[in-house]
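*Asks:* Sharing a structure, written as structure tokens. Questions coming.
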Amino acid sequence: MAFWDDFSGNASADAETQFDRLKNRLFGRLDARKPYRIIYYRGFGSPTAVWLTGRVLRQRDLSTPSDRDTFLQNLLATYQRFGSREVSGVTVRIEAFGQTHMAVTDKDGFFEVTINPPNDLPPGRAWFPVRYSLDGIEQPATELSESNQPDAAQPDVAPPGAAQPVVKEGYLMISPPYSRFGVISDIDDTVLFTDATNLLQTAKLTFLGNAYTRLPFEGIAAFYRALQSGPVTTLFNPIYFVSSSPWNLYDLLVDFFRIQGIPKGPILLRELELSAKLLSSQGHHTHKLSMIRKVLDVNPQLPFVLIGDSGQQDPEIYTQVVRENPGRILAIYIRDVTPDQRDESIRELIRTTEASKVPMLLVADTVAAAEHAASLGLIDPDTIPEIRADRRADKES
1 MAFWDDFSGN
11 ASADAETQFD
21 RLKNRLFGRL
31 DARKPYRIIY
41 YRGFGSPTAV
51 WLTGRVLRQR
61 DLSTPSDRDT
71 FLQNLLATYQ
81 RFGSREVSGV
91 TVRIEAFGQT
101 HMAVTDKDGF
111 FEVTINPPND
121 LPPGRAWFPV
131 RYSLDGIEQP
141 ATELSESNQP
151 DAAQPDVAPP
161 GAAQPVVKEG
171 YLMISPPYSR
181 FGVISDIDDT
191 VLFTDATNLL
201 QTAKLTFLGN
211 AYTRLPFEGI
221 AAFYRALQSG
231 PVTTLFNPIY
241 FVSSSPWNLY
251 DLLVDFFRIQ
261 GIPKGPILLR
271 ELELSAKLLS
281 SQGHHTHKLS
291 MIRKVLDVNP
301 QLPFVLIGDS
311 GQQDPEIYTQ
321 VVRENPGRIL
331 AIYIRDVTPD
341 QRDESIRELI
351 RTTEASKVPM
361 LLVADTVAAA
371 EHAASLGLID
381 PDTIPEIRAD
391 RRADKES
């Protein structure tokens, strides 16, 4: 998001440290009363390696969003997302595929681990359960946090007041052997209308809206469902969402995708820091490129389709990805959300990728991208009418 790139662009890592110290002094005692909460981010990988990550916070429950929520309720939810307390130095127990792994949270509460799945994975399955728990930490059952993430299994309920482990159950995704390609998609102004080139509008949408009030681009849900199914509807092509938005907005995006019928996939965001480097456009470029490389590395068997917008650096980033990965990128679709002055620089990038036999299209709407994808055999042509109908329905909503 441009908002996060522009906000306090002259801030430094030292300022962030001072801010954390001040926050701890002012709110340390209040934060200590908040329940522990494990936030898991959908893991992903291949039959040989899976990357899992998450975060441990002290945070009160976030209310389930509603289309009747007022802007004050939405503002309170935003405050809760950004007002949480990170928990460092705690051990997280991670159980998957009959294996147990341990990870320790860093200074910002994040943890990550890479695991190796067994050799006998069911060939027709893409999603697998994973269980996270805090080692040696319990809290009263009345304070247990329940995530509103729709794909999170809920633990058994203990009697009120009884001590209970801090547990979160979720899922990880492994590309099945019959996947033909993967999709890497930007979120802001590609899937979700953000108006990222307008700072005030972006802030208003982010702070005062919720998963029901945020709007998708017309036809995007049907198009992504078609890509996931591929030209044969029995396929499962994995979709990965990469954005420079902060991890604090993860639950909002999960809910938004569910409400809009957008296929489920890993959502890769970034840490929000008061650092000039990370908040700059260069930080946006570095983060997104790093996440794309990670997705490509864990799926060496798959080619990919890249989808983004012209608002920031997606065309430049995707051109670099083409350079680094010859033969692995099938097509690039760039939604045109900027003035005509930007078009010439994008046309130059289009010529660059065409020299590598990778089509990059600057498209006005989702249907144009879908029609081209059908011509390449990436989606079933019979899905085009549904994508057109989905576009009309989104316009009317």
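At position 342 of the sequence shown (counting the first as 1) the number is 342 in full-length UniProt numbering, and the numbers step up by one without a gap. We put the beta carbon where it would ideally sit given N, CA and C, even for glycine.
#1: What ranges does the alpha helix (DSSP H) occupy inside the UniProt domain "Phosphatidate phosphatase APP1 catalytic" (181–336), keeping only unbroken runs of at least 4 residues that lie completely in it?
#2: So, are the CB atoms of L192 and I38 less than 8 Å apart?
#3: Using the three-state DSSP reduction, which class does G377 fall into: helix, strand or coil?
#4: Count the other CB atoms within 10 Å of the CB of S66; is the residue buried (16 or more) or exposed (fewer)?
#5: CA-CA distance, V50 and I307?
#6: What is the DSSP secondary structure of R85, reduced to helix, strand or coil?
#7: List the endpoints of the continuous beta strand (DSSP E) containing A355.
#8: Out of V367, E316, I187, which one is the CA nearest neighbour of D343?
#9: According to the neighbour-count rule (16 or more other Cβ atoms, all chains shown, within 10 Å of its Cβ), is R392 buried or exposed?
#10: Starting from the C-beta of R180, find all residues in its chain whose C-beta is less than 7 Å away, skip the five residues before and the five after it, and write them out in chain order.
#11: When we look at the beta-carbon of K34 and count the other beta-carbons within 10 Å, is it buried (16 or more) or exposed?
#12: DSSP three-state call for D135: helix, strand or coil?
#13: Tell me whether the segment 70–81 and the segment 94–101 touch, counting them as touching only if at least three CB pairs, one residue from each stretch, are closer than 8 Å.
#14: Find out if the Cβ-Cβ distance for the pair D382, T190 is shorter than 8 Å.
#15: What is the DSSP secondary structure of R33, reduced to helix, strand or coil?
#16: Could you say which of E218, Y250, G209, K168 lies nearest to F71 if we only look at CA atoms?
#17: F71 bridges to which residues according to DSSP?
#18: Under 8 Å between the Cβ atoms of T336 and A364?
#19: For R58, name the three-state secondary structure that DSSP assigns.
#20: Can you tell me whether L76 is helix, strand or coil according to DSSP?
#21: Once the 5 residues before and after T366 are set aside, which same chain residues still bring their CB inside 7 Å of it?
#22: Buried or exposed for F82, please, with buried defined as at least 16 other CB atoms from any protein chain shown within 10 angstroms of its CB.
#23: Where do the ends of the beta strand (DSSP E) carrying K107 lie?
#24: Give me whichever residues DSSP pairs with V170 in a beta bridge.
#25: For R351, which residues in the same chain have their Cβ closer than 7 Å to its Cβ, ignoring the five residues on either side in sequence?
#26: Here's the rule: buried if 16 or more other CB atoms are within 10 angstroms of the residue's CB, otherwise exposed. What is M291?
#27: Cα separation between G89 and A103?
#28: Taking T91 as part of the beta strand (DSSP E), name the residues at either end of that continuous run.
#29: State the start and end residues of the unbroken beta strand (DSSP E) segment that holds L121.
#30: Identify whether G43 lies in helix, strand or coil by the three-state DSSP scheme.
#31: Please check the pair N299 and G182, which I expect to be a contact at CB under 8 Å, by giving their CB distance rounded to whole angstroms.
#32: Looking only at its own chain, which residues have a Cβ that is under 8 Å from the Cβ of A368, when we skip the five neighbours before and after it?
#33: Of the residues I346, S356, T91, S243, which one's Cα is nearest the Cα of I187?
#34: Among R328, R293, P326, A211, which residue has its Cα nearest to the Cα of G261?
#35: Quick check on DSSP: helix, strand or coil for Q99?
*Replies:* Taking the coordinates as given:
#1: 199–208, 220–229, 250–260, 276–279, 281–298, 314–324
#2: no
#3: coil
#4: exposed
#5: 24 Å
#6: strand
#7: Element bounds for A355: not the beta strand (DSSP E) but the alpha helix (DSSP H), 343–355.
#8: E316
#9: exposed
#10: G230, L235, N237
#11: K34 is buried by the Cβ-count criterion.
#12: Of the three classes helix, strand and coil, the one that applies to D135 here is strand, per DSSP.
#13: no
#14: Against a cut-off of 8 Å, the Cβ pair of T190 and D382 comes out as no contact.
#15: coil
#16: G209
#17: DSSP lists no partner for F71.
#18: Reading off the sequence, residue 336 comes out as Asp, not Thr. Their beta carbons are under 8 Å apart, which means D336 touches A364 by this criterion.
#19: strand
#20: helix
#21: F217, E218, G219, I220, F223, I387, R391
#22: Within 10 angstroms of the beta-carbon of F82 lie fewer than 16 other beta-carbons, which makes it exposed.
#23: Careful: K107 lies outside any beta strand (DSSP E) and carries neither H nor E.
#24: A small correction: the amino acid at residue 170 is Gly; Val does not occupy that position in the sequence shown. Its beta-bridge partners are V130.
#25: none
#26: buried
#27: Looking at the two C-alpha atoms, the distance is approximately 9 Å.
#28: Residues 91–96.
#29: For L121, there is no enclosing beta strand (DSSP E), since its DSSP letter is neither H nor E.
#30: strand
#31: 6 Å
#32: Closer than 8 Å at Cβ, skipping near neighbours: L361.
#33: S243
#34: A211
#35: strand
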